[in-house]
Structure formats: C-alpha cells, structure tokens
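Take the sequence shown: its letters are residues -11 to 356, numbered as in the numbering used here. Yeah, the Cβ is synthetic: ideal placement off N, Cα and C, and Gly gets one too.
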Amino acid sequence: MTNTAHTASGRLGLRPGVVTGADYRRLVETCRDEGYALPAVNVVGTDSINAVLEAAARNRADVIIQLSNGGARFYAGEGMKDAEQARVLGAVAAARHVHTVAAAYGVCVILHTDHADRKLLPWISGLIDASEEAVKETGRPLFSSHMIDLSAEPLEDNIAECARFLRRMAPLGIGLEIELGVTGGEEDGIGHDLDDGADNAHLYTQPEDVLKAYEALSPLGFVTIAASFGNVHGVYAPGNVKLRPEILRNSQAAVAKATNLGEKPLALVFHGGSGSEQAKITEAVSYGVFKMNIDTDIQFAFASSIGHYVQEHAEAFSHQIAPSTGKPTKKLYDPRKWLRVGEQGIVARLEQSFADLGATGRSVARAV
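Next comes the structure, spelled out in structure tokens:
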C-alpha cells in the first residue's frame, strides 16, 4: 500500500458498504484528486456481485457495481412477462442484496445503473420512486448514482432531460452520470455500430459541449461525465480504435478556465475500457477519470473459466454416472462448483484491473 493510500484511508474513514450522498461524492473526488480510478462491473446475479465484492476486499480497494437494463431484468428472472416491471424489480432486488452484504466485505461500494436512453427513462423513474421509499424507511437511497445516456440526441435535449431527473435525484443523495458524444459499440441494446472506422468524429466529445453541460447541471446536483474520446464498448482488433485522452484534458481545462474550480473540476468516466492499452488508461486517469467500465473483459473471465472447467470434466456434464469409473459425478456438476470457478475468474481479472487503475490498497473505508 502506498503512502497516498494510507493518507486517503486515514482522512476519510467512510462507513463500509454502499456510499450515497456526500460520502459518494467524497469517494469520487478522492479518486479524481489522488489520481486513481475504480473498475465498474456490470452484474447479473448474486454470483457476479459476490465475486466483485470478494475481489474488492482481497485488494483492499473500493469498487463500482452497476446494472444495465438487461442485467436488471435478468436478475428478476427472464420468465417475468412484464419486461419493464422486471427491470425495476431486478435492480431493486440487486441493490438490496448489495446493501445487505457489502459492508461485511469492509470496502466502499458505488452502486450504479448503466446506460439508459430515452425509452428506458421509465426504468430510472421507477428506481427513483423506490429510492424515495427507501429514504423514508432508512434515510438512504438504494443507488449511489444513475446514468442517463441521451448522447444520440441534440445536446440541448440531453441537458434538459438530465436536469429534470437530477432535480428529483439530488435531494435523495443520488448522483447523475451523463454521456456526451458517442461511445462506439453496443451495450445491452444501447449504442452505435463502429461502422465509420476509427476516425468517426462522433466518437470524440467537444470540450465546449462538456462546459455547457457542466454549467447547466452542476448547480442542481453532483454530476459525473462520460465524455467520449474514441472509446467503444466491447473488444476490437488492434488499430480499429484510436483513443484520444487529450480530449479529457482539454475538457478539464475548458471548465477550469470558466469556473476557477481548480485543475480538474470534472469527475470523468471511461466507458468501454475492456481491451484498452495500459498507457491510454493511465493517461485518461491522470486527466480525472475516476471510473472505468470493463464489462466485456469480466464476462469473458467468467465464461472462459467455466468453459475450461467443463472441458476438463466433460464426462460429468454428460453423465450422472461416469462410464469410465461407474461413480456418481454430482460433485463435479454441482452448480456451486462451476459457478465458483467463474467467480474466481472474475476475481482474478479484477485484481489486474485494480492494479491497472492504481486502486489497489486505497479503500477509503474505515477498518471494521
């Protein structure tokens, strides 16, 4: 653990578990100001949630757990006929699970929802309703923050709709993540095909747009910004994606000049981090990125670990009694066996991510 890590932990000493309101903001700003970032992992069930928490505890690092609309629906069960209801209930159920167990892992957790375009705004509205009830019952919202992604719409419409939601969210202690510019690729049905090549101008956010959004939204509540700098969802062949982190630097400079709020006034988000070059990750973090999404790599770590296990024990996945030995194979196909292997794959990949982002050993949670 570095001296900076000791300093951060000693200064904040936040309560372990899900952070909201002022504690959420303090964690985000600590990451930004001290030059490290947290991995953000999309989860789909208790297996992935628990693996993320295990990895965070093992690395003494805080972490971001998030749900896409599809992940939330899956959590509630694909058999639920009303998809809109399933998205809300699944996200609420997942949030309650995280709230129940996260503190026991001794780290701080940012609980977040991923991309919500216009057709998914009722999902976010339903989750705000649920947080309003939670605040009445417990004094705390269910989520730390929500993301609204209207990047495909005119900037003025994007800002206006985000402002409308932030006015509801801020009094509850919930932050807002917005997207400016287009992140290439696709994430759970939301996104843009990378069909114009790596020089697609839509993949690069203009600093003046960042300034306009910040000036409009920051007086209403705490806002984080996913500014596109060539990043894409998924993993692409080398050379197909050209990251330009200097766009983040220029955005910080534009807002700093206009506001006199210091060198890095923005809390920035790096979408589509899977497969990115380490040098580009480090550069982006140095410009104020506090959060990097790595959903694709985590999915592969989970799936490939299980795939190898199944290959190694193929007989057990075809026969309850092994033809080669005449013995039961239940101990090998027991879901707890192969799901645990998948969890361990997630833990191993996240260990690399914490190190890549400089987050290892830097949890701001007080010792329990």
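| Asked | Found |
| --- | --- |
| Residues near Pro195 by beta carbon distance below 6 Å, same chain, minus five either side | Asn238, Ser239, Ala242 |
| Same chain only: Cβ atoms within 6 Å of Ala289, ignoring 5 sequence neighbours per side | Gly333, Ile334, Arg337 |
| Anticipated Cβ contact below 8 Å, Leu168 with Thr193, distance rounded | 5 Å |
| Cβ-Cβ distance between His85 and Ala28 below 8 Å | no |
| First through last residue of the beta strand (DSSP E) which encompasses Ala214 | 211 to 215 |
| Entirely enclosed alpha helix (DSSP H) segments - the region 224 to 253, minimum 4 residues | 234 to 247 |
| Bridge-paired residues (DSSP) for Met280 | Pro27, Phe258 |
| CB-CB length for Leu60 against Gly78, believed under 8 Å | Per the sequence presented here, residue 60 reads as Ala, with Leu not at that position. Ala60 to Gly78, Cβ: 4 Å. Contact. |
| Exposure label - Gly1; buried when at least 16 CB within 10 Å | exposed |
| Buried or exposed by the 16-neighbour rule on C-beta atoms within 10 Å, applied to Ile309 | exposed |
| Backbone secondary structure at Ile162 - three-state DSSP | coil |
| Straight-line gap, Lys279 to Val123 (C-alpha atoms, nearest Å) | 26 Å |
| Euclidean distance between Cα positions of Lys245 and Glu251 | 9 Å |
| Residue range of the unbroken beta strand (DSSP E) whose run includes Gln54 | 51 to 55 |
| Cβ distance (whole Å) where Leu160 is taken to contact Glu120 below 8 Å | 6 Å |
| As assigned by DSSP and simplified to three states, the class of Leu168 | strand |
| Backbone CA spacing between Ala140 and Glu22 [nearest angstrom] | 32 Å |
| Bridge partners - Ser133, DSSP secondary structure assignment | His100, Gly163 |
| 8 Å Cβ cutoff met for Val329 and Ile294 | yes |
| Helix, strand or coil at Leu345 according to DSSP, with G and I counted as helix | coil |
| Proximity below 8 Å, CB of Arg372 to CB of Ile116 | It is not possible to answer for residue 372, since the shown part of the chain is limited to -11 through 356. |
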